[in-house]
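All remarks here apply to the structure that follows.
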Amino acid sequence: MTELPPIHNWDPVIFQLTDAIAVRWYGVAYMLGFVIGFFLLCRLARKNLYPVPEEKLSDFITWVALIGVLLGGRLGYVLFYMLPNEGIGYILNDPTVIVRVWEGGMASHGGMLGVVAYAIYYARKHKLPWPAVLDGLAIVAPVGLFFGRLANFINGELYGNIVPVGSKCGMIFPTELLQSEFLFNRVAHSILSDSALQESITNAGYQIPAILSPEWIITCARHVPELENLIAKIMIGHSRYPSQLYEAATEGLLLFAILWCVRIFWKRAYNGIFCGIFCIVYSIARIACEEFREPDSPFTFGLTRGQFLSTFLILLGVGFFIYAFRTKKTVTDCQFSDPKAPQD
Numbered sequence: 072m073t074e075l076p077p078i079h080n081w082d083p084v085i086f087q088l089t090d091a092i093a094v095r096w097y098g099v100a101y102m103l104g105f106v107i108g109f110f111l112l113c114r115l116a117r118k119n120l121y122p123v124p125e126e127k128l129s130d131f132i133t134w135v136a137l138i139g140v141l142l143g144g145r146l147g148y149v150l151f152y153m154l155p156n157e158g159i160g161y162i163l164n165d166p167t168v169i170v171r172v173w174e175g176g177m178a179s180h181g182g183m184l185g186v187v188a189y190a191i192y193y194a195r196k197h198k199l200p201w202p203a204v205l206d207g208l209a210i211v212a213p214v215g216l217f218f219g220r221l222a223n224f225i226n227g228e229l230y231g232n233i234v235p236v237g238s239k240c241g242m243i244f245p246t247e248l249l250q251s252e253f254l255f256n257r258v259a260h261s262i263l264s265d266s267a268l269q270e271s272i273t274n275a276g277y278q279i280p281a282i283l284s285p286e287w288i289i290t291c292a293r294h295v296p297e298l299e300n301l302i303a304k305i306m307i308g309h310s311r312y313p314s315q316l317y318e319a320a321t322e323g324l325l326l327f328a329i330l331w332c333v334r335i336f337w338k339r340a341y342n343g344i345f346c347g348i349f350c351i352v353y354s355i356a357r358i359a360c361e362e363f364r365e366p367d368s369p370f371t372f373g374l375t376r377g378q379f380l381s382t383f384l385i386l387l388g389v390g391f392f393i394y395a396f397r398t399k400k401t402v403t404d405c406q407f408s409d410p411k412a413p414q415d
C-alpha cells in the first residue's frame, strides 16, 4: 500500500469574531514581526548601535509598519504581480481590489522599497545618514520575513513545486483545489458518489450544499478525516515542497543570525554594511528557494518574478558596500536632531 504524504490542514483563521471579522494567523504574524523588531531595535539603541533614540522608536516603528511595510508591500503586489498578471482592466473594473489585503497579496520587494522610502524621509528630517537608519531595519526585517513565511505556510499559499516520484519531502496542499479545476472536479465527484463519506460529513456537522465549491471542501476536510484522506489519495501525484518553510529558515532565521552577529561583534561597522549584507544574502536565499517554489507569475528572462527582482537587490547590495567603505562612517558618528525640540 502506498504511503500517503502528509496533508496540510491548518486553518488560517484563529477564531471568528463575526461573520465578516476574524483573527487570522497572517495578521498575528505581522504583529509579532513588528513587536519583536521594536524590542530588538530598543536593545541596539541602548547599546548605542542605532541612531534613533529609544524613546523615539515606538513612533518610528509604527510609521515604518504602516507606510513602509503595509502600504509598500501592497502597492508592490499591485505593481509587480497584479498589473502584469491581470492587466489594468482588472483594476479599472473594480478598484477596490487594490485595498482588499484580506484576500492575500503582499510583495516583500514592495515592502522593502516602502521601508527605504520612509527611512530616507525620516533620516533627512532628523539629519541622520539614511543608510545608518536603514541598517537597523535591515537587521530586524528578517524577523518579520520569518513570521510572514510561516503565515504563508499556515494559509497554504505560495507552496512549492511537485516533488520527484518517491521523494518524502512533499506534502499535499488542498488549497491547490482553488487553482486546479481538474483536481476539484475529481474530489467533488468522489464526494457526491460516496454515500458513506457524505454521512461522515453530515455527522461532523456540515451540510452538503447543492453546488460544491473548493472553499467548502477545504474547510470541511479540516474536520472530516475521511474527506482529508480522500483528498490525499486523489492528490498524491501533487505532493509539493513546503517551500514557505525553506524561505522562513533562510530569508528569516539564517539572515537574522548573520546580521545580528555582525552587529554585536563588529560595533564599528560602517553605515550601509548591514543593508548590503541583507540585500545580497536575502537575494541569494530567495533565488535558491524559488527553485522549489511554484511560480506565481510568468517567467522573466527564464527567472521567476521573485528571482528577477532579487537580481536588482544584489546590485543594490553591492552599492551599499561601496558606499560603506568609501564613507567609513559608523553609527557613533550620528547625531539625532529633533526639529520639534526648543532651540537655544
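Here the sequence shown is numbered in the numbering used here, starting from 72 and rising by one per residue. Beta carbons: idealized from backbone N, C-alpha and C, even for Gly. These figures come from a predicted structure and were not determined experimentally.
Secondary-structure assignment with DSSP links V186 through no beta bridge to anything. Assignment of Q378 by DSSP, reduced to helix, strand and coil, places it in the helix class.
Setting aside the 5 residues that flank it on each side, N80 is surrounded in the same chain by A292, R293 and E299, each with a C-beta closer than 7 Å to its C-beta; the list follows chain order. Between L115 and P213, the C-beta spacing is not below 7 Å. Considering only N223, A203 and F370, the residue with the shortest C-alpha distance to A340 is A203.
Counting along the chain, F255 sits inside the alpha helix (DSSP H) bounded by residues E252 to L263. DSSP, read as helix, strand or coil, puts F86 in strand. Beta-bridge annotation (DSSP): I169 is not paired with any residue. CA-CA distance, L163 to E365, rounds to 28 Å. Cβ-Cβ distances below 8 Å link G237 to nothing in the same chain once the five nearest sequence neighbours on each side are left out.
Q315 has its alpha-carbon roughly 23 Å from the corresponding atom of I305. A Cβ-Cβ contact shorter than 7 Å links W201 with A190.
Annotation: D409 to W337 spans about 28 Å, alpha carbon to alpha carbon. Under DSSP, R95 shares a beta bridge with V84. M177 counts as buried, since at least 16 other C-beta atoms from the protein chains shown sit within 10 angstroms of its C-beta.
The C-alpha of I355 is placed about 27 Å away from the C-alpha of I132.
Distance from the CA atom of I107 to the CA atom of F224, rounded to whole angstroms, is 20 Å.
Inter-segment contact for the region 320-334 and the region 370-377 is absent: fewer than three beta-carbon pairs are separated by less than 8 Å. If you look at R357, you'll find it in the alpha helix (DSSP H) that goes I344 to C360. Within the same chain, and ignoring the five residues on either side of V211 in sequence, the residues whose Cβ sits closer than 7 Å to its Cβ are G108, L111 and L112. Secondary structure note for C291: its alpha helix (DSSP H) is the uninterrupted segment P285 to A292.
In this chain, the alpha helix (DSSP H) harbouring G160 covers I159 to N164. When C-alpha distances from I169 are compared across N274, Y148 and P155, the shortest belongs to Y148.
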